[in-house]
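Asks: Shown below is the structure under consideration.
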């Protein structure tokens, strides 16, 4: 058993090293081209794509394939051609789940609040998470059962014990069926918390929660590439990640409630009360 654990940790360490390299490579492209022109809109008019999104994903993919040619790769910008997370999750082996620019609207608007998000799972279980915020040169990393780190220094979630002490973040997605429940919950939370934030990047929300800058955050509809790295980061920093009804997190979970663990169930009660646990009909 001890030998198996040692081998696993060595595998994870090598994967983490490559993930860090890939995240930094993509981060350089983000930092150099912030404010890039929008080339296409996705399902909704406010869901944007720039050429840099594709450049970043290609840079990450090349580094992964050069080091681990047998590993599967699920990236936001090519997900339509590679199949869904459910199908890929069912496969054995390693899977890289990548958002090359999390916070594309911020990026396209010239706002320095975007990040690279790389989560790596084996046999459906997250093993490594990396979030790189290039504008502050902040590299958030996590390995399962090894803790969470910011630029090599150990990090922990906050010790806020009540919502009244908490800084809580949420999202305002392009899809109105997603944004409406989040905004309902925020309206209910406003007088009950220290303050609220909408940062425009799930990855930054996860990273800031893991290091104590936020105390909680939630959103009712995220993709695996939005949350894979961040979920592991928060868990390894001592926090709690579930869906918005309190069920355990998996790579297929779309509604996300992430907290320092101390205020989790208080926040879940608000989400239930405001019917902010899933997409509106």
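Residue numbers (the working numbering): 33 to 313. Ideal Cβ placement from N, Cα and C applies to all residues, glycine included.
Mind checking who residue 289 pairs with in its DSSP beta bridge?
Replies: Here residue 289 refers to the residue found at position 257 when the chain shown is read from its first residue. Paired residues: 250, 274.
Asks: Which residue comes first and which comes last in the beta strand (DSSP E) that contains residue 104?
Replies: Position 72 of the chain shown, counting from 1, holds the residue named residue 104. Counting along the chain, the beta strand (DSSP E) containing residue 104 begins and ends at 104-107.
Asks: If you scan the segment 117-193 from start to end, which runs of the beta strand (DSSP E) of 3 or more residues do you find wholly inside it?
Replies: If we require 3 residues or more, the beta strand (DSSP E) runs fully inside the segment 117-193 come out as 126-134, 147-154, 157-165, 170-175, 179-182.
Asks: So, using beta-carbon positions, are residue 217 and residue 302 closer together than 8 angstroms?
Replies: As a working mapping, residue 217 is identified with position 185 in the chain shown. As a working mapping, residue 302 is identified with position 270 in the chain shown. For residue 217 and residue 302, yes; Cβs fall inside 8 angstroms.
Asks: Give me the Cα-Cα distance between residue 212 and residue 152, rounded to the nearest whole angstrom.
Replies: Translated into positions along the chain shown, residue 212 becomes position 180. Translated into positions along the chain shown, residue 152 becomes position 120. Near 31 angstroms, if we compare the C-alpha coordinates of residue 152 and residue 212.
Asks: Return the chain-ordered list of same chain residues with a C-beta closer than 8 angstroms to the C-beta of residue 44, the five sequence neighbours on each side being excluded.
Replies: On the chain shown, position 12 is the one that residue 44 refers to. The answer, listed in chain order, is 159, 160, 175, 176, 178.
Asks: Residue 148 to residue 59, Cα distance in whole Å?
Replies: Indexing the chain shown from 1 puts residue 148 at position 116. Indexing the chain shown from 1 puts residue 59 at position 27. The straight-line gap from Cα to Cα measures roughly 7 angstroms.
Asks: Would you mind reading off the limits of the alpha helix (DSSP H) that contains residue 216?
Replies: Counted from its first residue, the chain shown places residue 216 at position 184. Residues 208-221.
Asks: What separation, rounded to the nearest whole angstrom, lies between the Cα atoms of residue 317 and residue 207?
Replies: Past the boundaries of the shown model lies residue 317; the chain is included only from 33 to 313, so the question cannot be answered.
Asks: For residue 32, I'd like the list of residues in its chain whose CB is within less than 6 angstroms of its CB, leaving aside the five on either flank, ordered along the chain.
Replies: The structure shown does not extend to residue 32, since the chain spans only 33 to 313, so no value can be given for it.
Asks: Is the beta carbon of residue 199 less than 8 angstroms from the beta carbon of residue 264?
Replies: Your numbering for residue 199 matches position 167 in the chain shown. Your numbering for residue 264 matches position 232 in the chain shown. Against a cut-off of 8 angstroms, the Cβ pair of residue 264 and residue 199 comes out as no contact.
Asks: Per DSSP, which residues does residue 201 bridge with? Please list them.
Replies: Counting from one through the chain shown, the residue named residue 201 turns up at place 169. DSSP, once it has assigned bridges, lists 229, 249 as partnering residue 201.
Asks: How long is the line joining the alpha carbons of residue 162 and residue 283, rounded to whole angstroms?
Replies: What you label residue 162 is simply residue 130 of the chain shown in a count that begins at 1. What you label residue 283 is simply residue 251 of the chain shown in a count that begins at 1. In a straight line, the C-alpha of residue 162 is about 15 angstroms away from that of residue 283.
Asks: Would you say the beta carbon of residue 213 comes nearer than 7 angstroms to a heavy atom of the ligand NAD?
Replies: In the structure on display, the ligand NAD does not appear, and there are no ligands present to speak of.
Asks: Please state whether DSSP places residue 38 in a helix, a strand or coil.
Replies: Looking up residue 38 in the chain shown gives position 6. DSSP places residue 38 in helix when its eight states are reduced to three.
Asks: Considering only C-alpha positions, which residue in the set 135, 242, 244 is nearest to residue 257?
Replies: Mapped onto the chain shown, residue 257 falls at position 225. For residue 257, the nearest C-alpha among the options comes from 135.
Asks: Select from 103, 144, 98, 142 the residue whose C-alpha is nearest the C-alpha of residue 125.
Replies: Indexing the chain shown from 1 puts residue 125 at position 93. Minimum Cα distance to residue 125 is reached at 103.
Asks: Compare the Cα-Cα distances from residue 47 to each of 123, 165, 260, 150 and report the closest residue.
Replies: Numbered from 1 along the chain shown, position 15 holds the residue referred to as residue 47. For residue 47, the nearest C-alpha among the options comes from 150.
Asks: DSSP puts residue 280 in a beta bridge; with which residues?
Replies: Position 248 of the chain shown holds residue 280. Paired residue(s): 274.
Asks: Using only CA atoms, which one of 194, 189, 277, 230 lies nearest to residue 243?
Replies: Counting from one through the chain shown, the residue named residue 243 turns up at place 211. For residue 243, the nearest C-alpha among the options comes from 189.
Asks: Grab me the residues of residue 310's own chain with a C-beta within less than 6 angstroms of its C-beta, minus the 5 sequence neighbours each way, in chain order.
Replies: The residue you call residue 310 lines up with position 278 of the chain shown. Hits under 6 angstroms: 252, 287.
Asks: Since residue 268 contacts residue 180 with CB under 8 angstroms, what's their CB separation in whole angstroms?
Replies: Counted from its first residue, the chain shown places residue 268 at position 236. Counted from its first residue, the chain shown places residue 180 at position 148. Confirmed, about 4 angstroms.
Asks: If you draw a straight line from the C-alpha of residue 295 to the C-alpha of residue 276, how long is it?
Replies: Here the question's residue 295 lines up with position 263 in the chain shown. Here the question's residue 276 lines up with position 244 in the chain shown. Going from the Cα of residue 295 to the Cα of residue 276 covers about 13 angstroms.
Asks: Using a Cβ-Cβ cutoff of less than 8 angstroms, which residues in the same chain neighbour residue 78 once the five nearest sequence positions on both sides are dropped?
Replies: For the purposes of this step, residue 78 is taken as the residue at position 46 of the chain shown. Because residue 78 carries a pLDDT of 45, less than 50, the predicted location of this residue cannot be relied on, and the following value inherits that uncertainty. Taken in chain order, the residues that qualify are 137, 206.
Asks: Please classify residue 39 as buried or exposed, where buried requires at least 16 neighbouring CB atoms within 10 angstroms.
Replies: As a first step, residue 39 must be located in the chain shown, where it is residue number 7. By the 10 Å Cβ count, residue 39 comes out exposed.
Asks: Compare the C-alpha of residue 186 against each of 228, 266, 82, 259 and name the closest.
Replies: The residue labelled residue 186 in the question sits at position 154 within the chain shown. With distances taken between Cα atoms, residue 186 lies closest to 266.
Asks: Could you compute how far the alpha carbon of residue 227 sits from the alpha carbon of residue 193?
Replies: Locating residue 227 in the chain shown gives position 195, counting from the first residue. Locating residue 193 in the chain shown gives position 161, counting from the first residue. Cα-Cα distance, rounded: 15 angstroms.
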